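Converting from the sequence shown to this note's numbering requires adding 94 to each position, the first position being numbered 1. Notes to accompany the following structure.
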Amino acid sequence: MDVVASAAPAAAGSAAPLIELRAVTKTYGSGSAAFQALRGVDLSIDAGDFVAVMGPSGSGKSTVMNILGCLDVPSRGSYLFHGVAVQRLTQDQRALLRRRHLGFVFQGFNLLPRTSAQENVELPLLYRGEAAAQRRAAAREALASVGLAGWEHHKPAELSGGQQQRVAIARALVTRPTVLLADEPTGNLDTQRGREIMELLAGLNHERHITVLMVTHEADMAAYARRVVRFVDGRVASDAVHGAPVDAAAGAAVAAVAAPGR
Ligand SMILES: Nc1ncnc2c1ncn2[C@@H]1O[C@H](COP(=O)(O)OP(=O)(O)OP(=O)(O)O)[C@@H](O)[C@H]1O
Ligand SMILES: [Mg+2]
Numbered sequence: 095m096d097v098v099a100s101a102a103p104a105a106a107g108s109a110a111p112l113i114e115l116r117a118v119t120k121t122y123g124s125g126s127a128a129f130q131a132l133r134g135v136d137l138s139i140d141a142g143d144f145v146a147v148m149g150p151s152g153s154g155k156s157t158v159m160n161i162l163g164c165l166d167v168p169s170r171g172s173y174l175f176h177g178v179a180v181q182r183l184t185q186d187q188r189a190l191l192r193r194r195h196l197g198f199v200f201q202g203f204n205l206l207p208r209t210s211a212q213e214n215v216e217l218p219l220l221y222r223g224e225a226a227a228q229r230r231a232a233a234r235e236a237l238a239s240v241g242l243a244g245w246e247h248h249k250p251a252e253l254s255g256g257q258q259q260r261v262a263i264a265r266a267l268v269t270r271p272t273v274l275l276a277d278e279p280t281g282n283l284d285t286q287r288g289r290e291i292m293e294l295l296a297g298l299n300h301e302r303h304i305t306v307l308m309v310t311h312e313a314d315m316a317a318y319a320r321r322v323v324r325f326v327d328g329r330v331a332s333d334a335v336h337g338a339p340v341d342a343a344a345g346a347a348v349a350a351v352a353a354p355g356r
């Protein structure tokens with residue numbers, strides 16, 4: 095919790111939720127052109143949660159993800175990470191928080207096109223200043239963990255959409271984040287490829303205890319999450335726990351024991 099702990103040692107080890115938004119608003123533009131994309135969002139997320147964020151287009155889902163990912167700041171209200179007010183951190187501390195604790199996955203994969211899978215995944219470690227040998231080993235491991243051992247030297251154009259998204263997930267994982275933020279990760283994929291990505295995310299949540307927040311428009315994909323938060327007009331309209339999330343990657347054995355005959 096380095097950067098976070100150093101910012102507020104009193105918060106370390108407390109029972110604060112991992113993530114908390116309190117009365118967060120976001121206004122884009124100013125004057126007569128001002129648009130309020132978030133109108134008072136309260137949201138609390140515990141470590142280990144797997145949350146699907148749903149809602150109509152323009153309801154503020156990406157805006158809230160960008161704030162959670164420290165890519166943007168609220169206009170009003172507060173964002174607490176481990177009980178620490180993110181808006182009180184310096185820009186450098188916020189960047190550290192982002193690099194050490196948060197991983198991103200986007201709908202369009204956002205890979206560098208002329209660069210191999212391996213090099214794409216190494217990139218966050220390069221920014222961190224890690225040595226080449228360590229970068230190589232960590233990237234290979236991350237690629238293997240998303241089922242892409244042997245594909246290290248392929249460039250994005252030589253990979254399917256599902257494989258490209260796996261590379262993007264490996265790139266998010268290589269820094270060992272606490273939280274994975276995914277904005278419509280299956281939006282560019284067919285249903286089968288989408289399911290494979292969801293199984294991968296469910297497995298990361300279950301086995302590595304990574305907290306996952308994922309925006310999706312598809313009920314099939316949201317069904318993997320344990321909780322569904324629905325946005326309407328810049329507010330949380332509903333927040334419901336799923337009784338029995340699809341638990342494919344958590345291991346068929348676990349699912350079979352928990353729900354025989356499913
Ligand atoms: N940089 C910006 N400048 C001005 N308005 C913006 C900006 N980003 C988003 N908006 C507006 O804020 C509102 C919420 O946008 P946001 O991208 O969060 O929606 P969303 O729920 O992610 O929608 P979608 O499902 O289409 O991705 C929209 O009306 C959008 O036009
Ligand atoms: Mg969006």
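Even for Gly, the Cβ is constructed at its ideal location relative to N, Cα and C. Keep in mind that this is a model prediction, so the values were computed, not measured.
If you measure from the CB of E312, is any heavy atom of ligand 2 nearer than 8 Å? no
Cβ of V145 versus every heavy atom of ligand 2: is any distance shorter than 8 Å? no
Whose beta carbon lies closer than 7 Å to any heavy atom of ligand 2, going through the chain in order? K155, S156, D277, E278, V309
Closest to T121 by C-alpha separation, out of G149, V147, P150, G154, would be which residue? G154
By Cβ distance, which residues of its chain are closer than 7 Å to A232, with the 5 residues on each side in sequence left out? L219, V268.
Roughly how far, in whole angstroms, is the beta-carbon of L275 from the beta-carbon of L295, given that I think they are within contact range, below 8 Å? 11 Å between Cβ atoms; not a contact.
Own chain residues within Cβ distance below 8 Å of P339, not counting five before or after: F144, A296, A317, Y318, A319, R320
Quick one, which of S124, L115, V135 has its alpha-carbon nearest D327's? V135
Using 8 Å as the cut-off, classify the Cβ of F200 as near or not near the heavy atoms of ligand 1, replying yes or no. no
CB-CB length for V322 against S156, believed under 8 Å: With a Cβ gap of about 17 Å, V322 and S156 do not count as contacting.
The region 172–180 touching the region 126–134, judged by at least three CB pairs closer than 8 Å: Not touching, per the Cβ criterion.
Using a threshold of 8 Å, is the CB atom of S44 nearer than that to any non-hydrogen atom of ligand 1? No information on residue 44 is available, as it lies outside the stretch 95 to 356 that the chain covers here.
Say the cut is 8 Å; is the CB of G149 nearer than that to a heavy atom of ligand 1? yes
Would DSSP call R364 helix, strand or coil? The question about residue 364 has no answer, for the chain in this structure spans 95 to 356.
Residues in its own chain within less than 7 Å of V335 by CB, not counting five upstream and five downstream? R320, R321
Would you mind reading off the limits of the alpha helix (DSSP H) that contains T121? Here T121 belongs to no alpha helix (DSSP H); instead the beta strand (DSSP E) covers 113–122.
Distance, L191 Cα to E114 Cα: 15 Å
Throw me the rounded Cβ distance for the G171 and N282 pair, which I believe falls under 8 Å. Rounded, the Cβ-Cβ distance is 32 Å, inconsistent with contact.
Apart from the five residues just before and just after S239, which ones in its own chain have a Cβ nearer than 8 Å to its Cβ? So the qualifying residues of the chain are A264, L267.
Between which two residues does the alpha helix (DSSP H) containing S156 stretch? 155–162
Under 9 Å, do Q259 and T285 count as touching if we go by C-beta distance? Not a contact, by the Cβ cut-off of 9 Å.
Apply the 10 Å Cβ neighbour rule to L206 and answer buried if 16 or more other Cβ atoms are within range, or exposed otherwise. With fewer than 16 Cβ atoms within 10 Å of its Cβ, L206 is classed as exposed.
According to DSSP, is A338 helix, strand or coil? Residue state, collapsed to three classes: coil.
List the DSSP bridge partners of K275. Per the sequence shown, the amino acid found at residue 275 is Leu instead of Lys. The partner list for L275 (beta bridge, DSSP) reads F198, L307.
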